[in-house]
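Read in order, the letters of the sequence shown are residues 14 to 114 in our numbering.
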Amino acid sequence: MPAAQGVLLILGCLLFAVGTLGLFRLTDTLARIHALTKVDNLGLGLIVLALLPLAPSFLAGLKTLLIWAAALAASATAAHLVARAVHAGREAPGAEDSADD
14 MPAAQGVLLI
24 LGCLLFAVGT
34 LGLFRLTDTL
44 ARIHALTKVD
54 NLGLGLIVLA
64 LLPLAPSFLA
74 GLKTLLIWAA
84 ALAASATAAH
94 LVARAVHAGR
104 EAPGAEDSAD
114 D
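Given below as structure tokens:
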């Protein structure tokens, strides 16, 4: 079991590193958000799965899962808000043409 936990922890940390690399390497805001939300949530999930057997009680393990669920919801909400702000900041295609009519 400790070997599986080690593998899950390493994979989770590697996914966090990939998400961070995507944040620095990608140029578009929406691509950055996509890289962060998908990869970081999966990385956090692997880390939580690795830590579950170490929980001292069932309730402590349940709390860990609830924290992961809250992080998933917060990440999705934040990504949606940023994407909406980016979309609102861009002009609609053909906006210049309709103003001339």
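Each residue gets a CB set at the ideal place from its N, CA and C atoms; glycine is no exception. Here the structure is a predicted model, which means the values were calculated and not measured.
Pair within 7 Å by beta-carbon distance, residue i and residue j
{"i": "residue 50", "j": "residue 61", "result": "no"}
{"i": "residue 63", "j": "residue 21", "result": "yes"}
{"i": "residue 43", "j": "residue 96", "result": "yes"}
{"i": "residue 68", "j": "residue 74", "result": "yes"}
{"i": "residue 92", "j": "residue 46", "result": "yes"}
Integer Cβ distance of residue i from residue j, believed to fall under 8 Å
{"i": "residue 48", "j": "residue 39", "result": "6 Å"}
{"i": "residue 52", "j": "residue 24", "result": "Actually they do not touch by this definition, with Cβ atoms about 11 Å apart."}
Contacting residues, own chain, Cβ-Cβ under 8 Å from residue i (five flanking each side not counted)
{"i": "residue 54", "result": "84, 85, 88"}
Contacting residues, own chain, Cβ-Cβ under 7 Å from residue i (five flanking each side not counted)
{"i": "residue 66", "result": "14, 18"}
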